[in-house]
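In terms of the UniProt record's numbering, the sequence shown opens at residue 1 and continues consecutively. These notes concern the structure reproduced below.
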Amino acid sequence: MPLLPGAATLGVLGGGQLGRMFVHAAQALGYRCVVLDPDAASPAGAVAQDHLKADYLDAAALEELARRCDAITTEFENVPARALEQLARSRVVAPGASAVAICQDRAREKAHFDASGVACAPYAVLRSSADLAAVPDALLPGILKTARLGYDGKGQRRVADRAQLAAAFDELGRVDCVLEQMLPLALELSVLVVRGAGGEVVTYPVQQNLHRDGILAVTEVPAPDVDAALQAQARRSAAAIATGMGYVGVLCVEFFVLKDGRLVVNEMAPRPHNSGHYTMNACDLSQFEMQVRAMAGLPLREPRLHSPVVMLNLLGDLWFDGAGRERAPDWAGVLALPGAELHLYGKAQARAGRKMGHLNVIGATAEEARQQARRACAILG
Ligand code: ADP
Ligand code: MG
Numbered sequence: 001m002p003l004l005p006g007a008a009t010l011g012v013l014g015g016g017q018l019g020r021m022f023v024h025a026a027q028a029l030g031y032r033c034v035v036l037d038p039d040a041a042s043p044a045g046a047v048a049q050d051h052l053k054a055d056y057l058d059a060a061a062l063e064e065l066a067r068r069c070d071a072i073t074t075e076f077e078n079v080p081a082r083a084l085e086q087l088a089r090s091r092v093v094a095p096g097a098s099a100v101a102i103c104q105d106r107a108r109e110k111a112h113f114d115a116s117g118v119a120c121a122p123y124a125v126l127r128s129s130a131d132l133a134a135v136p137d138a139l140l141p142g143i144l145k146t147a148r149l150g151y152d153g154k155g156q157r158r159v160a161d162r163a164q165l166a167a168a169f170d171e172l173g174r175v176d177c178v179l180e181q182m183l184p185l186a187l188e189l190s191v192l193v194v195r196g197a198g199g200e201v202v203t204y205p206v207q208q209n210l211h212r213d214g215i216l217a218v219t220e221v222p223a224p225d226v227d228a229a230l231q232a233q234a235r236r237s238a239a240a241i242a243t244g245m246g247y248v249g250v251l252c253v254e255f256f257v258l259k260d261g262r263l264v265v266n267e268m269a270p271r272p273h274n275s276g277h278y279t280m281n282a283c284d285l286s287q288f289e290m291q292v293r294a295m296a297g298l299p300l301r302e303p304r305l306h307s308p309v310v311m312l313n314l315l316g317d318l319w320f321d322g323a324g325r326e327r328a329p330d331w332a333g334v335l336a337l338p339g340a341e342l343h344l345y346g347k348a349q350a351r352a353g354r355k356m357g358h359l360n361v362i363g364a365t366a367e368e369a370r371q372q373a374r375r376a377c378a379i380l381g
């Protein structure tokens, strides 16, 4: 039995911008929303009908969330699996604790890619000095990544040789790590896959992503430099990865395309994703509405891209001029551009590198979207 719009209440663990956009989509359909987040200034808490200000492991707050909601989701992958398990005893929880636990740990994530038959970078799991000594030469030069809690390039060290590897392992606190061979990347892609509780799967068109300083900067769809066969392979692989862990909800799978043209899976996020924000204006169904549909047991339609699009991430840096003085970006100028749609997350304080919003620029053609996106960049400086 689906949880119907206009009657049910949906809960979110986490109150950042992803939670906020989820709440907007759920409310547009007529659901009530409750956010659990300890931060009184939470972007999602500010728009939900209710905001429980408590820690994610506060048993009483979790009980209250379960009491008020019919189904619960999460907007960040580091939500404690225990919290999801407690909620799942009485309520629909999507994605489930076991899938989130896989995504939280790069070692388990890589093992799942192997089990799904999807190629990832050659790697070794490092938990001890013995593991360090046993690293095969073929993995160097490589990238050492903490198994847990890394994001936006944090918790990673590029290492050229064994001495640098040992130093980096120390520097990262000798926590569990994964060492990956450094691969020759041609470009980076991601794919949103959505799986319903009944096992039905839909995928979105492939996104081509450009990162700056480890943070997503630009997403373009359709992916301009990826042929149809590789796009189909990426979508099939993402579907296999979601199905193989009994996933329910929106999952974002990141891939590399190597210089020799091979497709390699990188990592995944058990939630809507920054690179999927383009769906809000370029598709008939946004990734946030899909998350609502999946958790509520509503039908999942194959999403349709109706316009080529360029998504620009708006980082806090735009709020400062060259001399470091705070300024207001020229939103009126940007909004005068054909096809430009602004999404700001309601964060009071801008900081360098902080995700403040994004701009979707759609066009009748990819070239038109690109041209208007270039104009937007020029206006924003
Ligand atoms: P994060 O959780 O910070 O997004 P990623 O594993 O996606 O971590 O790594 C961040 C970026 O580092 C990637 O987007 C890619 O540009 C680069 N990178 C990561 N792993 C490799 C690799 N094995 N070879 C080459 N580049 C890599
Ligand atoms: Mg990444």
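Ideal Cβ placement from N, Cα and C applies to all residues, glycine included.
Heavy atom of the ligand MG within 7 Å of residue i beta-carbon
{"i": "N274", "result": "no"}
{"i": "E254", "result": "yes"}
{"i": "N266", "result": "yes"}
Opening and closing residue of the beta strand (DSSP E) in which residue i lies
{"i": "E220", "result": "215 to 221"}
{"i": "K145", "result": "142 to 146"}
{"i": "Q208", "result": "207 to 212"}
{"i": "residue 382", "result": "Nothing can be reported for residue 382, as the shown portion of the chain is limited to 1 through 381."}
{"i": "A124", "result": "123 to 126"}
{"i": "A59", "result": "From DSSP, A59 is part of no beta strand (DSSP E) but of the alpha helix (DSSP H) over 59 to 68."}
{"i": "A41", "result": "Segment: none, A41 is in no beta strand (DSSP E) and carries neither H nor E."}
{"i": "G11", "result": "9 to 13"}
{"i": "R89", "result": "Looking at the DSSP string, R89 is not in any beta strand (DSSP E), and its letter there is neither H nor E."}
{"i": "R301", "result": "No beta strand (DSSP E) contains R301, which DSSP labels as neither H nor E."}
{"i": "M268", "result": "263 to 269"}
The ligand ADP heavy atom lying under 7 Å from the CB of residue i
{"i": "G16", "result": "no"}
{"i": "L179", "result": "no"}
{"i": "I143", "result": "yes"}
{"i": "Y31", "result": "no"}
{"i": "Q207", "result": "no"}
{"i": "residue 383", "result": "The question about residue 383 has no answer here: the residues shown for the chain are numbered 1 through 381."}
{"i": "G357", "result": "no"}
{"i": "G153", "result": "yes"}
{"i": "G214", "result": "yes"}
{"i": "G150", "result": "yes"}
{"i": "Q156", "result": "yes"}
{"i": "H277", "result": "no"}
{"i": "A223", "result": "no"}
{"i": "E188", "result": "yes"}
{"i": "A147", "result": "no"}
{"i": "A121", "result": "yes"}
{"i": "M182", "result": "yes"}
{"i": "L210", "result": "no"}
{"i": "L335", "result": "no"}
{"i": "L10", "result": "no"}
Neighbour-count burial assignment, residue i, 16 or more Cβ in a 10 Å radius
{"i": "A348", "result": "exposed"}
{"i": "K154", "result": "exposed"}
{"i": "D37", "result": "buried"}
{"i": "G14", "result": "buried"}
{"i": "M1", "result": "exposed"}
{"i": "P308", "result": "buried"}
{"i": "K259", "result": "exposed"}
{"i": "R235", "result": "buried"}
{"i": "Q49", "result": "exposed"}
{"i": "L185", "result": "exposed"}
{"i": "H358", "result": "buried"}
{"i": "L335", "result": "exposed"}
{"i": "G199", "result": "exposed"}
{"i": "S237", "result": "buried"}
{"i": "S129", "result": "exposed"}
{"i": "R32", "result": "buried"}
{"i": "L18", "result": "buried"}
Segment limits, alpha helix (DSSP H) that includes residue i
{"i": "C377", "result": "366 to 380"}
{"i": "G244", "result": "228 to 244"}
{"i": "G357", "result": "Taken as a continuous stretch (DSSP letters only), G357 belongs to no alpha helix (DSSP H), being part of the beta strand (DSSP E) at 355 to 362."}
{"i": "S129", "result": "129 to 133"}
{"i": "C103", "result": "97 to 103"}
{"i": "R293", "result": "287 to 296"}
{"i": "H112", "result": "106 to 115"}
{"i": "Q156", "result": "No alpha helix (DSSP H) contains Q156, which is instead part of the beta strand (DSSP E) from 156 to 159."}
{"i": "V334", "result": "331 to 335"}
{"i": "L312", "result": "That residue, L312, is in no alpha helix (DSSP H); its beta strand (DSSP E) goes 309 to 315."}
{"i": "G19", "result": "17 to 29"}
{"i": "Q181", "result": "Not the alpha helix (DSSP H): Q181 falls in the beta strand (DSSP E), residues 177 to 181."}
{"i": "F255", "result": "Careful: F255 lies outside any alpha helix (DSSP H), inside the beta strand (DSSP E) at 249 to 258."}
Any C-beta of chain B under 8 Å from that of residue i
{"i": "A111", "result": "Checking the listed chains, one finds no chain B in this structure; it contains a single protein chain."}
Query raised in the report: Is the number of C-beta pairs between the stretch 266 to 278 and the stretch 97 to 113 that are closer than 8 Å three or more?
Result: Contact holds: three or more Cβ-Cβ distances are below 8 Å.
For the 8 Å Cβ check, are there 3 or more pairs between the stretch 208 to 218 and the stretch 78 to 97?
Flag = no, the stretch 208 to 218 and the stretch 78 to 97 do not touch.
Point to revise | the stretch 311 to 331 touching the stretch 225 to 240, judged by at least three CB pairs closer than 8 Å | key: The stretch 311 to 331 is not in contact with the stretch 225 to 240.
I'd like to know if the stretch 282 to 298 and the stretch 112 to 127 are in contact, where contact means that at least 3 CB-CB pairs between them fall below 8 Å. Below 8 Å, too few C-beta pairs join the stretch 282 to 298 and the stretch 112 to 127 to call them touching: fewer than three.
I want to know whether the stretch 59 to 76 touches the stretch 285 to 298 - three or more CB-CB distances under 8 Å. Flag = yes, the stretch 59 to 76 and the stretch 285 to 298 touch.
Next item on the list: Give a yes or no on contact between the stretch 242 to 251 and the stretch 301 to 319, applying the rule of three or more CB pairs nearer than 8 Å.
Entry: Taking 8 Å as the limit for Cβ pairs, the verdict is that the stretch 301 to 319 does not touch the stretch 242 to 251.
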